[in-house]
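In full-length UniProt numbering, the protein residues as written are 1 to 208.
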């Protein structure tokens, strides 16, 4: 016997789902991931039962809300890793990741949060980090990236970008691009580079 095919959502159910996701992305970006699901349902104009039917846990809602951004993040790293010039690829990744994260603050928290049951989300993040680690290794071997760089340094950059505040999105993006340029200069290898303090391991944020 073959399993029955999943039934497509009715137009009203699809509209509810899209509205819930749009509100969730906006709320998570502005207020973080601690906003209760019932509050998201209220702002989306649906009943709690409707939200829980589509997203029974906050984890499932966060993963669905940021699936597109996670895919974009993975594509950015993959394109940078494919660049035959590893330093140029590394610079491009830092610039584009800062741009992505400052446009959607909630995504930074989601990216750094541990979701044990979200296999696809976790796997995409791990693939991105593995590819980025390989790109950094190539850039170090080429003599372009400082030898004491670790992936946690880029995590620090993304956390800092998440704290940028500006009167408009355009201002925030401009500030993030300047900050990325400053960070890249700090990552660049040079003859008289000052050694960094010891690296600190930054564990993922546990989901609540």
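Yeah, the Cβ is synthetic: ideal placement off N, Cα and C, and Gly gets one too.
Next item on the list: Alpha carbon to alpha carbon, how far is residue 22 from residue 90? Give it in angstroms, no decimals.
Entry: 32 Å
Check: Are residue 124 and residue 70 closer than 7 Å when you measure CB to CB?
Finding: yes
Margin query: Is it the case that the region 25-43 contacts the region 74-92, given that we only count it when at least three CB pairs across the two stretches are under 8 Å?
Written below: no
Notebook entry, point to check: Which partner residues does residue 154 have in the DSSP bridge list?
Noted result: DSSP output for residue 154 lists no bridge partner at all.
Checklist line | Beta-carbon contacts of residue 226 that lie in its chain and below 8 Å, excluding the five residues immediately before and after | finding: The chain is shown only over 1 to 208; residue 226 falls outside these bounds and no answer can be derived.
Notebook entry, point to check: Distance, Cα to Cα, residue 59 vs residue 138?
Noted result: 35 Å
Item checked: At least 3 beta-carbon pairs within less than 8 Å: the region 144-152 vs the region 169-189 -> yes
Next item on the list: Flag residue 48 as yes when its Cβ comes closer than 6 Å to any non-hydrogen atom of the ligand GTP, and as no otherwise.
Entry: The ligand GTP is not part of the structure shown, which contains no ligands of any sort.
Checklist line | Among 149, 162, 64, 32, the one whose alpha carbon lies nearest that of residue 134 | finding: 149
Note to self: When you compare the CB positions of residue 176 and residue 98, do they come within less than 7 Å of one another, or not?
What the structure shows: yes
Note to self: Distance check for residue 66 and residue 183, CA to CA, integer angstroms please.
What the structure shows: 26 Å
Note to self: Taking the alpha-carbon of residue 14 as reference, which of 171, 50, 56, 86 has the nearest alpha-carbon?
What the structure shows: 50
Next item on the list: Using only alpha-carbon positions, find the residue among 17, 86, 111 that is nearest to residue 33.
Entry: 111
Notebook entry, point to check: Can you tell which of 141, 170, 43 has its C-alpha closest to the C-alpha of residue 104?
Noted result: 170
Checklist line | Residue environment, residue 86, which counts as buried when at least 16 other CB atoms sit within 10 Å | finding: buried
Item checked: Spatial distance of residue 44 from residue 166 (CA atoms) -> 26 Å
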